[in-house]
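Peer 1:
There are 4 protein chains.
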Amino acid sequence: MDEKTWHRRTQVPLVLASLVYLIAYSWRVIGGLEGVAHVLVTTVIVATWALFIVDYVVRLSLAKDRRVWFRTHLGTLAITLIPVFRLVLLLRVLTHVPGMRPSAGSRLRTQIMVYGAGAGVLLIYIASLAVLEAERSSPDANITSFPVAVWWSCVTITTTGYGDFFPVTWMGRAVGTGVMFSGIALSGIITATLASWIFERAARDHDDAEPATRGQMRQLLAKVEALSRPAAEGDAEGR
Amino acid sequence: MDEKTWHRRTQVPLVLASLVYLIAYSWRVIGGLEGVAHVLVTTVIVATWALFIVDYVVRLSLAKDRRVWFRTHLGTLAITLIPVFRLVLLLRVLTHVPGMRPSAGSRLRTQIMVYGAGAGVLLIYIASLAVLEAERSSPDANITSFPVAVWWSCVTITTTGYGDFFPVTWMGRAVGTGVMFSGIALSGIITATLASWIFERAARDHDDAEPATRGQMRQLLAKVEALSRPAAEGDAEGR
Amino acid sequence: MDEKTWHRRTQVPLVLASLVYLIAYSWRVIGGLEGVAHVLVTTVIVATWALFIVDYVVRLSLAKDRRVWFRTHLGTLAITLIPVFRLVLLLRVLTHVPGMRPSAGSRLRTQIMVYGAGAGVLLIYIASLAVLEAERSSPDANITSFPVAVWWSCVTITTTGYGDFFPVTWMGRAVGTGVMFSGIALSGIITATLASWIFERAARDHDDAEPATRGQMRQLLAKVEALSRPAAEGDAEGR
Amino acid sequence: MDEKTWHRRTQVPLVLASLVYLIAYSWRVIGGLEGVAHVLVTTVIVATWALFIVDYVVRLSLAKDRRVWFRTHLGTLAITLIPVFRLVLLLRVLTHVPGMRPSAGSRLRTQIMVYGAGAGVLLIYIASLAVLEAERSSPDANITSFPVAVWWSCVTITTTGYGDFFPVTWMGRAVGTGVMFSGIALSGIITATLASWIFERAARDHDDAEPATRGQMRQLLAKVEALSRPAAEGDAEGR
C-alpha cells in the first residue's frame, strides 16, 4: 500500500479519534476528574494520541522518499506532537463537506468567514481548556474556573487584555501567546475578507470603466481571426 | 396577503416600535426607575417586544414554504429573540433613505463609513445600557453609572482594555464579548474602506498603464464589426 | 473681496497663529505656569483663538450663499470651535509644500505614510497636553506629569492599554476616546498602505498575465482605425 | 576604492560582527554578568559597535557626493547609532540567500510572511533584552527576569497589554513604545498579505470575467499587424 492510499483510508477514523480526544480532554479539565475516572480518561487521551503517532510513523515509512516527505510534512509533525493543534484537523475536514470546497467569488468569502468563525470558536474553547489545566495547579492563579477561562480567552483573542485575569504559569502564558497571535491572524482574515467585498461592490455599477474582460478578448480574437481568414481567401482568389 | 406585502406594510410601524423600545429601555436603565414607573416602562418594553414576536410568527405563517423561510431568516429570528440586536434595524432603515441606497464607487465608501459610524455609536450606547443593567445588580461591580459604562464601552470597542473598569457578571461579560468582536469588525471596515480609497488614488494619474476598460473594448468590438461588414460586401461585389 | 481671495491671503498668517497657539498652549501645560505668566500665556491663547473665530465669521459673511457655505464647511466650524482640532491645519499645510501634493503611485504611499506619521506624532503630543491639563486638577489622577502623559498616549493610540495609567476625569476620558479611535484609523492607514504596496509588488514580474493596459488599447484602436481607412479608400478606388 | 565596492566587501564581516554583538549583548543581559566577565563582554559589545561606526565613516568618506550620500542613507545612520536597530541587518541578509530575493506572486507572500515572522521573533527577543536591562536597575520594576520580559514583549507586540507587567523606567517605556508600533506594523503586514491571497483566490475560477491580459493583447496586436500587412500588399498589387 502506498502513502496516499493509507492517508485516504485513515482520514475518517482519525477525525473520529480527534473528536474522542477533544471530548476526553474537555471532560478531564472541566470535570476536574480525580481517582479512577482521571486515570480512565487520561488513558483514552493517551490512546488517541498514540493513534496519531502510529499514523505518522506509518505514513513516513510508506513514503517513497522519506526525507522529502519529512521536509514537506512538518505541519503533520506539529499536529502529531502537540495534541491541541490536532483539533484543527476537525476544521480541515469541513472543507471536504460538499459545497464547502475552496472556490472563487463571494462563495469564497462566505467559506473564509465560516472557517474563520469555526476556527475562532474552537480556538477559544481549546485555549480555555489548556489555560485552565495549566493554571489550576498554581496557588497564585486567578483563572480558576472554566467560565472565567472562556472570558479570559475572549478578552485575549480580541487583544483587549483588561488584566482582570491573566495566566501566571509558563504553560498558561504559552497558551496565551498562541491565543494573542491567533487573534491578530483572525482579525486580519476579517479585514481582508471585508476589503475583498468592498472592492467588488465598489467595482459594480460603472461597468464601462471596468477592466476589459478575458471573455470580451476571446470574442474579439475570434472576430479578428474570422476577419483575416476570408481576406486571405479573397487574396488567394484575386491572384 | 402574502409575506412580502405584510413585511412592506409593517416596516414603518416596527421601526417606530423599536424606537419606542430603545427610549423605554434607556429610560429604565439610566433613570434607575423604581416602583410604578418601573412597572410602566417595563410594560412598554415587553409590549414592543411582543409586537416583534407577533410580526415574526405572522411572517412565518404567511410564507409559502415555511421551512425554507425559517432557514433563510435566521437573522430575523435572532433580532426577534434578543431585543438588543433589534435596534440594528434602525440602521437598516437608513439604507432606505433616498441617496443612501448601496451603490458603487466613492459613494459606497461614504455610505459604509456613515453606516459604520452609526452602528458604532448605536453599539456603544446599547452596550453601555446593557452592561449597566447587568452589573448594577452585583455588589462587586465597578461599572456603576451610565457615563462610566460609556467610557468602558469605548475602551472595549477599540480593544484598548485598560482594566480600570470591567464587567464581573456573566451577563455583563457576554455584552463585553460582543462589544470586543464588534470592535474588531468595525476596525476591519475602517481599514478595508481606507484600502479601497488608497487603491483608487494610487491608480489615478497613470491612465496609460491602467487596465483597458470594458468601454474601450465595446468601442473596439463595434469598429472591428464595422470593418468586417464592408469587407464582406466588397468581397461579394468583387466576385 | 470674495471668500476665496480672503482665504488664500489669510492662510499663511493663520498657520503662524496656530503655531503660536500650539507653543503657548504647550508652555502653559508643561510649564505649569502660575500668576502673571499664566495670565499672559492664556491671553495669547485666547487672542489666537479669537483670530480663527474672526476668520470664520469673515469667510461666512463673504460667501455668496451663506447657507451653502455653512453646510459645506462644517469641518471649518469644528476646527474653529475646538482649539485642539485646529492644529491639524499644520499638517494640511504640508500638502501645499512642493512635491507633497497628493498624487498617484508609490509617491502617494510615501505621502500617506509621511502624513500619517506626522498626524500620529502631533496627535500624541496634543493629546498628552490635553489629558495632562484635564487630569492635573483631579486629586485621584495618576497622569500627573508630561512624560507620563506621553507614555499614556502611546499606550492608548496603539490600543495596548496596560492600565498602569488612565484618565479619571471626564475631559481626560473624552481625550482618551479620541486617541483610541485615532489609533484605529492610523493602524488602518498603515495596513491599507502596506496592502497597496504588496498588491503592486505581487503584480510585477508576470506582465503577460496582467490586465491589458489602456495604453495598449489606444495603440490597438489607432491600428484598427488605420486598417479601416485605407480599406475604405481601396474600396472607393476599386469601384 | 569606491563606496559600492567597500560596501560589497564588508557586508559579510559586518553581518558576523552583528551576530557577535547580539550574542555578547544577550549574554550580558541574561547572564547578569558581574566583575571581569561584565567588563570583557562589554568590551566585545563596544568593539563591534566601533566596527559599525568605522564602516559608516569610511563609506561616507568614499562617497562621491557626501551630502547626497548622507541624505539618502539616514537609515544607515540610525542603524549605526542605535545598536539594537543594527540587528535588523541580520534579516536584511536573508533576502540575499538564493530563492529569497523579493519577487512576484505567491512566492512574494511567502517571503513577506517568513520575513515578518523572522522580524517578529527577533524583535521580541531584542525588546526583551533591552527592557530587562533598562528595568533591572529600577527598584520599582516588575519586569525582573528574562522569561517575564519575553512574556511582556508578546503581550505588548500584540497590543493586548494585560497590565500584569509594564515598564516603569523611561528607557523601558521607550522600548515598549517601539514594540507597540512594531506590533501594529506586523499585524498590518499579516492583514495585507492575507488580503492579497484572498483577492487572488476570489479572482480564480471566473476567468471569463477577469481583466483581459497583456499577453492576450500582444497576441491580438500581432494578429491585427499581420492583417494590415497583406492588405497593404494586396492594395499595392491591386493598383
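Protein chains in written order, with full-length UniProt numbering: chain A, 1 to 239; chain B, 1 to 239; chain C, 1 to 239; chain D, 1 to 239. Think of the CB as a built atom: it goes at the ideal place given N, C-alpha and C, for glycine as much as any other residue. The structure presented is a predicted model; accordingly, all values stated were derived computationally and were not measured.
1) Give a yes or no on whether the C-beta atoms belonging to W69/C and A78/C are separated by under 7 Å.
2) Buried or exposed: W151/A, going by 16 or more other Cβ atoms within 10 Å of its Cβ?
3) Which residue marks the beginning of the alpha helix (DSSP H) containing H38/B, and which one marks its end?
4) Listed in chain order, which residues of the UniProt domain "Potassium channel" (123-199) of chain D have Cβ atoms closer than 9 Å to some Cβ of chain B?
5) Check whether chain D comes within 7 Å of A222/B, counting only Cβ atoms and requiring the distance to be less than that.
6) Assuming L14/C and F52/C are in contact, meaning their beta carbons sit under 8 Å apart, how far apart are those beta carbons, in whole angstroms?
7) For a cutoff of 7 Å on Cβ pairs, would you count A119/C as touching chain D?
8) Helix, strand or coil: how does DSSP classify residue 263/C here?
9) Answer with buried or exposed for D65/D, where buried requires no fewer than 16 other C-beta atoms within 10 angstroms of its C-beta.
10) Under 8 Å Cβ-Cβ, which residues of chain F neighbour L227/D?
11) May I ask you to report which of helix, strand or coil DSSP gives S145/B?
12) Are the region 171-188 of chain B and the region 165-180 of chain A in contact at 8 Å, needing three or more beta carbon pairs?
13) Would you give the residue range spanned by the alpha helix (DSSP H) that P13/A belongs to?
14) Counting C-beta neighbours from all protein chains within 10 Å, is the total for E135/A 16 or more, i.e. buried, or is it exposed?
15) At the level of alpha carbons, what is the spacing between A47/D and S153/D?
16) Do you know how far the Cα of I198/A is from the Cα of E200/D?
17) Hey, out of A222/C, D55/C and L227/C, whose CA is closest to T10/C's CA?
18) Residues of chain D with a CB under 8 Å from the CB of I112/A: which are they?
19) For R239/A, is the classification buried or exposed, using 16 other Cβ atoms within 10 angstroms of its Cβ as the cut-off for buried?
20) Are the region 111-124 of chain A and the region 132-147 of chain A touching by the rule of at least three beta carbon pairs closer than 8 Å?
21) Could you please give the first and the last residue of the uninterrupted alpha helix (DSSP H) stretch that includes A78/C?
22) Output needed for A127/A: all residues of its chain with C-beta closer than 6 Å, excluding positions within five of it in sequence on either side, in chain order.
23) Using a cut-off of 7 Å between C-beta atoms, extract the partners of R201/C located in chain B.
24) Is the distance from the Cβ of V39/B to the Cβ of R28/B below 7 Å?
25) Tell me whether T159/D sits in a helix, a strand or coil according to DSSP, three-state version.
26) Can you grab the Cα-Cα spacing for the pair F166/C / V131/C, in whole Å?
27) Specify the secondary structure class of A185/B as computed by DSSP and reduced to three states.
28) Quick check on S103/A - is its C-beta less than 7 Å from some C-beta in chain C?
29) Using only alpha-carbon positions, find the residue among S18/B, A212/B and G32/B that is nearest to W49/B.
30) Could you work out which residue in T43/D, M171/D, V36/D and I190/D is closest to Q111/D when comparing CA atoms only?
31) When we look at the beta-carbon of A226/B and count the other beta-carbons within 10 Å, is it buried (16 or more) or exposed?
32) Any beta-carbon of chain B closer than 7 Å to the one on L77/C?
33) Suppose you measure from the CA of D164/C to the CA of L194/D; what does that come to, to the nearest Å?
34) Sorted by chain position, which residues of the same chain lie with C-beta nearer than 7 Å to G99/D's C-beta, five sequence neighbours on each side aside?
35) Could you check the C-alpha separation between T159/C and R8/C for me, to the nearest Å?
36) Within 10 angstroms of its Cβ, does R67/B collect 16 or more other Cβ (buried), or is it exposed?
Peer 2: The structure says:
1) Position 69 of the third sequence, counting from 1, holds the residue named residue 69/C. Position 78 of the third sequence, counting from 1, holds the residue named residue 78/C. No. Outside cutoff.
2) Position 151 of the first sequence, counted from the first residue, corresponds to residue 151/A. By the 10 Å Cβ count, W151/A comes out buried.
3) The sequence position of residue 38/B within the second sequence is 38, counting from 1. Note, H38/B: alpha helix (DSSP H), G35 to L62.
4) Listed by position, the residues of the UniProt domain "Potassium channel" (123-199) of chain D near chain B (Cβ gap below 9 Å) are T159, T160, G161, Y162, G163, G188, T191, A192 and A195.
5) Reading the second sequence from its first residue, position 222 is the one you call residue 222/B. So, not an interface residue.
6) Residue numbering aside, residue 14/C sits at position 14 when the third sequence is read from its first letter. Residue numbering aside, residue 52/C sits at position 52 when the third sequence is read from its first letter. Their Cβ separation, rounded to whole angstroms, is 7 Å, which keeps L14/C and F52/C in contact under 8 Å.
7) Position 119 of the third sequence, counting from 1, holds the residue named residue 119/C. Taking 7 Å as the CB threshold, A119/C stays off the interface with chain D.
8) Because chain C spans 1 through 239 in this model, residue 263/C falls outside it and cannot be assessed.
9) Locating residue 65/D in the fourth sequence gives position 65, counting from the first residue. It is exposed - the Cβ of D65/D has fewer than 16 other Cβ atoms within 10 Å.
10) The displayed structure is made up of protein chains A, B, C and D, and chain F is not among them.
11) Here residue 145/B refers to the residue found at position 145 when the second sequence is read from its first residue. Note: S145/B maps to coil in three-state DSSP.
12) These segments do not touch.
13) Counting from 1 along the first sequence, the entry for residue 13/A is found at position 13. It spans E3 to G31 - the alpha helix (DSSP H) in which P13/A sits, taken as one unbroken run.
14) The sequence position of residue 135/A within the first sequence is 135, counting from 1. Under this definition E135/A is a buried residue.
15) Along the fourth sequence, read from residue 1 onward, the residue named residue 47/D stands at position 47. Along the fourth sequence, read from residue 1 onward, the residue named residue 153/D stands at position 153. Roughly 28 Å separates the two Cα atoms.
16) Start at 1 with the first residue of the fourth sequence, and residue 200/D comes out as number 200. Start at 1 with the first residue of the first sequence, and residue 198/A comes out as number 198. So the two alpha carbons sit approximately 15 Å from each other.
17) On the third sequence, position 10 is the one that residue 10/C refers to. Taking only the C-alpha atoms, the option nearest T10/C is D55/C.
18) Counted from its first residue, the first sequence places residue 112/A at position 112. Within 8 Å Cβ-Cβ: I198.
19) The residue labelled residue 239/A in the question sits at position 239 within the first sequence. Model confidence at R239/A stands at a pLDDT of 41, short of 50, so the residue's coordinates are unreliable and nothing is read from them.
20) Judged by Cβ distances under 8 Å, the region 111-124 of chain A makes no contact with the region 132-147 of chain A, as fewer than three pairs qualify.
21) As a working note, residue 78/C is residue 78 in the third sequence. L74 to L81 is the span of the alpha helix (DSSP H), which, as asked, contains A78/C.
22) Within the first sequence, the letter at position 127 stands for residue 127/A. Excluding sequence neighbours, A127/A sits near S153, V175 and V179.
23) In the third sequence, counting from the first residue as 1, residue 201/C sits at position 201. Ordered by position in chain B, no residue passes the 7 Å Cβ test against R201/C, which lies about 13 Å from the chain.
24) Along the second sequence, read from residue 1 onward, the residue named residue 39/B stands at position 39. Along the second sequence, read from residue 1 onward, the residue named residue 28/B stands at position 28. With contacts defined as CB atoms closer than 7 Å, V39/B and R28/B fail to qualify as a contacting pair.
25) Here the question's residue 159/D lines up with position 159 in the fourth sequence. Annotated three-state conformation of T159/D is coil, per DSSP.
26) For this step, residue 166/C is matched to residue 166 along the third sequence. For this step, residue 131/C is matched to residue 131 along the third sequence. Rounded to whole angstroms, the gap between the alpha carbons of F166/C and V131/C is 10 Å.
27) In the second sequence, counting from the first residue as 1, residue 185/B sits at position 185. Three-state result, A185/B: helix.
28) Taking the first residue of the first sequence as 1, we reach residue 103/A at position 103. Residue confidence is low: S103/A scores 45 on pLDDT, short of 50, so the model does not pin down where it sits. No coordinate-derived value is stated.
29) Position 49 of the second sequence, counted from the first residue, corresponds to residue 49/B. The shortest Cα separation from W49/B among S18/B, A212/B and G32/B belongs to S18/B.
30) On the fourth sequence, position 111 is the one that residue 111/D refers to. When only C-alpha atoms are compared, the closest one is I190/D.
31) Within the second sequence, numbered from 1, the residue matching residue 226/B stands at position 226. With a 10 Å radius around the Cβ and a threshold of 16 neighbouring Cβ atoms, A226/B comes out exposed.
32) Position 77 of the third sequence, counted from the first residue, corresponds to residue 77/C. It does not; no Cβ of chain B falls within 7 Å.
33) Here the question's residue 164/C lines up with position 164 in the third sequence. Here the question's residue 194/D lines up with position 194 in the fourth sequence. Rounded to whole angstroms, D164/C and L194/D show a C-alpha spacing of 34 Å.
34) On the fourth sequence, position 99 is the one that residue 99/D refers to. The pLDDT assigned to G99/D is 48, lower than 50, so where the model puts this residue is not dependable; a value taken from the coordinates is nonetheless given after this. There are no such residues.
35) The residue you call residue 159/C lines up with position 159 of the third sequence. The residue you call residue 8/C lines up with position 8 of the third sequence. Cα to Cα, T159/C sits roughly 39 Å from R8/C.
36) By 1-based counting over the second sequence, the position of residue 67/B is 67. Burial is judged here by how many other beta carbons sit within 10 angstroms of a residue's own beta carbon; R67/B has fewer than 16 and is exposed.
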